[in-house]
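Participant: Chains as they are written, first to last, in my numbering: chain L, 25 to 137; chain D, 688 to 804.
All C-beta atoms in this analysis are idealised placements derived from N, C-alpha and C, irrespective of residue type, glycine included.
Next comes the structure, spelled out in structure tokens:
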């Protein structure tokens, strides 16, 4: 069975600083995808970044980047230059073939002005 | 990215009644998914809805309680039947396909906030 673990229920960061959210997963699959989703108070789930497991290069999307360690089954999200609009729940997710997604329990991030 | 319209956005319902949630996608997609997000919790997959066949339900969810329709490749409904306060949750429609057909991304509707009194 696939599991996704986010060990940080809550985090905070000063505006303009950098924060890293942790995620680990467990799978016997070799080909899969990893995601970070953001859910602001509006409830809308927004895709932040996506990583393909067969790619060694870490994905980057503007201020968001990941540290993907396949052997360690670790997938952390780094947010640089944090903005107030980054305040949200962040969910790590794993997808295997067949489009079955598994979500972590989420990390509530607060950006402090 | 796929644009997903979900309605109602929120509703307050009485115990024992049913609510049907609609999900409309702006492109044809093979698979649509329904998730439940209980207060303060992560997302739990209820079922996968394929066009032209019965939905596939995850463990703990049954068709009598959560009947799903999928009449075409752009539309689906989820009904929450004989509701109880334990059904109070956010219900999310999603698709794992962008308009170009890539199937390795999950897009979500804006969710339905359901409160059962």
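Going along the region 114 to 130 of chain L in order, which residues come within less than 8 Å of chain D, judged by CB to CB distance?
Facilitator: Under the 8 Å Cβ criterion, the region 114 to 130 of chain L contributes 115, 117, 119, 123, 124, 125, 127, 128, 129, 130.
Participant: Mark residue 799/D as exposed unless 16 or more other C-beta atoms lie within 10 angstroms of its C-beta, in which case mark it buried.
Facilitator: Flag for residue 799/D reads buried.
Participant: Span of the beta strand (DSSP E) holding residue 759/D?
Facilitator: Residues 755 to 759.
Participant: The beta strand (DSSP E) spanning residue 44/L covers which residue range?
Facilitator: Note, residue 44/L: beta strand (DSSP E), 43 to 45.
Participant: Would you mind giving the Cβ-Cβ distance between residue 133/L and residue 112/L, rounded to the nearest angstrom? I have them listed as a contact below 8 Å.
Facilitator: That pair is a contact at about 6 Å.
Participant: Near residue 772/D, which residues of its chain fall below 6 Å by C-beta distance, leaving aside the five closest residues on each side in sequence?
Facilitator: Excluding sequence neighbours, residue 772/D sits near 803.
Participant: Who are the near neighbours of residue 78/L in its chain, counting only those whose CB is closer than 7 Å to its CB and skipping five residues on each side?
Facilitator: Hits under 7 Å: 55.
Participant: Inspect the beta-carbon positions of residue 103/L and residue 85/L and report whether they are closer than 8 Å.
Facilitator: No, these two residues do not count as a Cβ contact at 8 Å.
Participant: Using a Cβ-Cβ cut-off of less than 9 Å, list which residues of the region 730 to 746 of chain D approach chain L; keep chain order.
Facilitator: Against chain L - using a Cβ distance shorter than 9 Å - the residues of the region 730 to 746 of chain D are 730, 731, 732, 735.
Participant: Provide the residue span of the beta strand (DSSP E) that contains residue 750/D, from first to last.
Facilitator: Where residue 750/D is concerned, there is no enclosing beta strand (DSSP E), given that its DSSP letter is neither H nor E.
Participant: For a contact defined as C-beta to C-beta under 9 Å, what are the partners of residue 68/L on chain D?
Facilitator: The answer, in chain order, is 795, 796, 797, 798.
Participant: Taking beta-carbon pairs under 9 Å, can you tell me which members of the region 40 to 65 of chain L lie near chain D?
Facilitator: If the cut-off is 9 Å between Cβ atoms, the region 40 to 65 of chain L has 57, 59, 61, 63 near chain D.
Participant: Exposed or buried, residue 108/L, counting other C-beta atoms within 10 Å across all chains shown (16 or more means buried)?
Facilitator: Looking at its Cβ environment, which holds fewer than 16 other Cβ atoms inside 10 Å, residue 108/L is exposed.
Participant: Which residues in chain D sit within 8 Å of residue 71/L, going by Cβ to Cβ distance?
Facilitator: Neighbours of residue 71/L on chain D, chain order: 688, 792, 793, 794.
Participant: What residues in the region 68 to 102 of chain L have a beta carbon less than 9 Å from any beta carbon of chain D?
Facilitator: Against chain D - using a Cβ distance shorter than 9 Å - the residues of the region 68 to 102 of chain L are 68, 69, 70, 71, 74, 76.
Participant: For a cutoff of 8 Å on Cβ pairs, would you count residue 765/D as touching chain L?
Facilitator: No, because no Cβ of chain L sits closer than 8 Å to the Cβ of residue 765/D.
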